[in-house]
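*Asks:* Can you read through this structure? Questions will come right after.
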Amino acid sequence: MKLARIVAGMAIAATLAACGGGGGSGATGATASAGGLEKTQLLIGVVPVPSSASLFIAEKRGFFKEEGLTVKTEIIQAPQAVMPKILNGSMDAFMTSYVALMTINDSGAAKLKIFQHSQEAAPNVAGVVVAKGSPIKTAADLKGKTIAVNVLKALGQTLTNAHVQEAGLKPEDVKYVPVPFADQLSALSSGQVDAAWLVEPFLTAAKKSGATQIIDTTDGVTAGVPIDGWGVSEDWLAKNPKTAAALHRALSKAQQIASTDRKAIDEVVPTYTQIPAEAAAAMTLGRFSLQADKAGVQKLADLLHGYGYIKAKVDAAQLFAPMSG
């Protein structure tokens with residue numbers, strides 16, 4: 004397996020995400036089915052990361068068809084970009100990080116719920132790396148240094164802050180700059196940044212290129228942090244209760260498979276991420292489970308509020324749609 008092929012695949016995935024291309028044109032007709040579904044054709048926004056695997060497992064195994072649903076997908080870069088579609092009903096559901104969902108709710112742009120949990124963190128799913136030969140060896144060495152994150156005041160910055168604080172520094176002792184994941188290795192090697200926060204599969208690629216991981220941001224003080232899930236608007240849930248129940252049944256069946264069968268994930272990831280099959284199989288994955296640990300979600304919410312990334316305190320229990328548990 005050549006590193007160049009891995010990086011090329013990831014670059015394609017990043018390009019797809021930026022362009023908003025996808026697996027379908029997004030027909031979202033509201034034709035009622037014989038079973039009384041309010042909608043039978045759905046458009047779902049998919050982020051090209053392993054967490055989205057359950058949707059493609061559900062499609063491959065016929066779970067949507069069993070529920071009378073036809074699902075089209077659209078590759079998205081971030082849920083913030085598709086809020087207009089969510090609000091006008093042309094997109095029905097979307098993959099979102101817990102951080103993004105809480106940030107959107109806090110801004111007042113929409114009222115969103117987690118409809119089905121996807122992943123929580125496992126060791127070595129995301130971490131801070133430095134270039135080969137860097138004098139930076141530990142989190143404490145990051146004082147006064149610049150760290151690349153994909154998005155400011157989001158998951159990467161939040162998790163890294165927690166580890167920086169554990170090392171005796173203050174969040175303001177380091178500087179964060181936004182750099183897309185696909186560009187972080189070049190930024191690191193050119194000296195544009197001193198360190199970079201990466202997630203899989205970029206993290207594995209960085210290590211193969213000679214970068215050194217100095218912080219595992221999904222272990223230790225931030226072990227088991229919830230990563231992402233499928234989001235919907237409160238309005239959509241209210242208007243489409245039977246469709247919501249059908250969609251949830253299909254996704255939860257697939258999520259159960261993802262939680263126990265790594266091969267099922269490896270089979271679908273290359274179909275929507277453009278990541279080569281061998282690279283997908285080599286990635287470290289988070290834990291797929293049917294329900295999020297509410298205490299972990301609350302801890303993440305408290306960190307976001309404590310760092311000032313969201314204004315209002317969050318009751319984690321209120322983030323979940325009733326059917327999500």
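Just so you know, we're using the working numbering here: the sequence shown kicks off at 4 and counts up by one.
Backbone N, C-alpha and C fix where the C-beta goes; we use that ideal spot for every residue, glycine too.
Please classify Leu201 as buried or exposed, where buried requires at least 16 other C-beta atoms within 10 Å of its C-beta.
*Replies:* buried
*Asks:* Among residues of its own chain, excluding the 5 on either side of Ala324, which ones have a beta-carbon nearer than 7 Å to its beta-carbon?
*Replies:* Lys116, Ile117, Phe118, Val235, Leu240
*Asks:* Are Glu77 and Val50 close, meaning C-beta to C-beta below 8 Å?
*Replies:* no
*Asks:* Please look up how many angstroms separate the CB atoms of Ala143 and Ala199, rounded, as I've assumed it's under 8 Å.
*Replies:* That belief does not hold up - the Cβ atoms of Ala143 and Ala199 are roughly 18 Å apart, past 8 Å.
*Asks:* Measuring alpha carbon to alpha carbon, tell me which residue in Ala157, Val132, Leu45, Met98 is nearest Tyr310.
*Replies:* Ala157
*Asks:* Quick one: residues in its chain with C-beta nearer than 7 Å to the C-beta of Glu62, no 5 flanking neighbours on either side, listed in chain order?
*Replies:* Val74
*Asks:* Are the CB atoms of Gly92 and Gln216 within a distance shorter than 8 Å?
*Replies:* no
*Asks:* How many Å lie between Glu41 and Phe97 at the Cα?
*Replies:* 18 Å
*Asks:* How many angstroms separate the CA atom of Val317 from the CA atom of Ala214?
*Replies:* 37 Å
*Asks:* Going by C-alpha to C-alpha distance, which of Asn153, Asp95, Lys314, Ala165 sits closest to Asp176?
*Replies:* Nearest of Asn153, Asp95, Lys314, Ala165 to Asp176, Cα basis: Ala165.
*Asks:* Taking only three categories from DSSP, how would you classify Tyr310?
*Replies:* coil
*Asks:* Tell me the start and end of each unbroken alpha helix (DSSP H) in the region 188-220 that is at least 4 residues and wholly inside, in chain order.
*Replies:* 205-211
*Asks:* At the level of alpha carbons, what is the spacing between Asp238 and Gly147?
*Replies:* Approximately 45 Å between the Cα atoms of the pair.
*Asks:* Quick one: Cα of Glu169 to Cα of Ala124, how far?
*Replies:* 19 Å
*Asks:* Three-state secondary structure (DSSP) at Thr161?
*Replies:* helix
*Asks:* Tell me which residues share the same chain as Ala37 and place their Cβ nearer than 7 Å to its Cβ, disregarding the 5 neighbours each side in the sequence.
*Replies:* Low confidence applies here, because Ala37 scores a pLDDT of 49, under 50, leaving its location unreliable; read the following figure in that light. Excluding positions up to five away in sequence, the list is empty.
*Asks:* Below 7 Å CB to CB, which residues in the same chain sit around Leu306 once its five sequence neighbours on both sides are set aside?
*Replies:* Thr161, Ala165
*Asks:* Out of Phe291, Pro244, Ala248, state which residue places its alpha-carbon closest to the alpha-carbon of Ala267.
*Replies:* Phe291
*Asks:* On a CA-only basis, which of Gly171, Ile260, Lys297 is nearest Gln321? Give me that one, please.
*Replies:* If we check each option's Cα against that of Gln321, Lys297 comes out closest.
*Asks:* Identify whether Thr73 lies in helix, strand or coil by the three-state DSSP scheme.
*Replies:* The three-state reading of DSSP puts Thr73 in strand, counting E and B together.
*Asks:* Using three-state DSSP, classify Pro51 as helix, strand or coil.
*Replies:* Three-state DSSP puts Pro51 in coil, outside helix and strand.
*Asks:* Would you tell me roughly how many angstroms separate the C-alpha atoms of Glu69 and Pro273, rounded to the nearest one?
*Replies:* So the alpha carbons of these two residues sit roughly 25 Å apart.
*Asks:* Measuring CA to CA, which of Ala284, Pro126, Ile89 is closest to Gly223?
*Replies:* Nearest option by C-alpha distance: Pro126.
*Asks:* Can you list, in chain order, the residues of its chain with a C-beta nearer than 8 Å to that of Ala196? Leave out the 5 residues immediately preceding and following it.
*Replies:* According to the sequence as given, residue 196 is Val; it is not Ala. If we look at Val196 and ignore the five residues flanking it on each side, its Cβ neighbours are Thr149, Ile150, Ala151, Val180, Val182, Gln187, Ala190.
*Asks:* Tell me the rounded alpha-carbon separation between Gly27 and Val228.
*Replies:* Here the model assigns Gly27 a pLDDT of 38, short of 50, so the residue's position is not dependable, and the following value carries that caveat. Approximately 32 Å, taken between the alpha carbons.
*Asks:* With a cut-off of 8 Å, do at least 3 Cβ pairs link the region 103-114 to the region 203-210?
*Replies:* no
*Asks:* What does a CB cutoff of less than 7 Å around Val85 pick up in its chain, not counting 5 residues either side in sequence?
*Replies:* Gly48, Ile79, Met94, Phe97
*Asks:* Taking all protein chains shown into account, do 16 or more other C-beta atoms lie within 10 angstroms of the C-beta of Asp264, making it buried, or fewer, making it exposed?
*Replies:* exposed
*Asks:* Could you tell me if Thr141 is buried or exposed, where buried requires 16 or more neighbouring beta carbons within 10 angstroms of its beta carbon?
*Replies:* With fewer than 16 Cβ atoms within 10 Å of its Cβ, Thr141 is classed as exposed.
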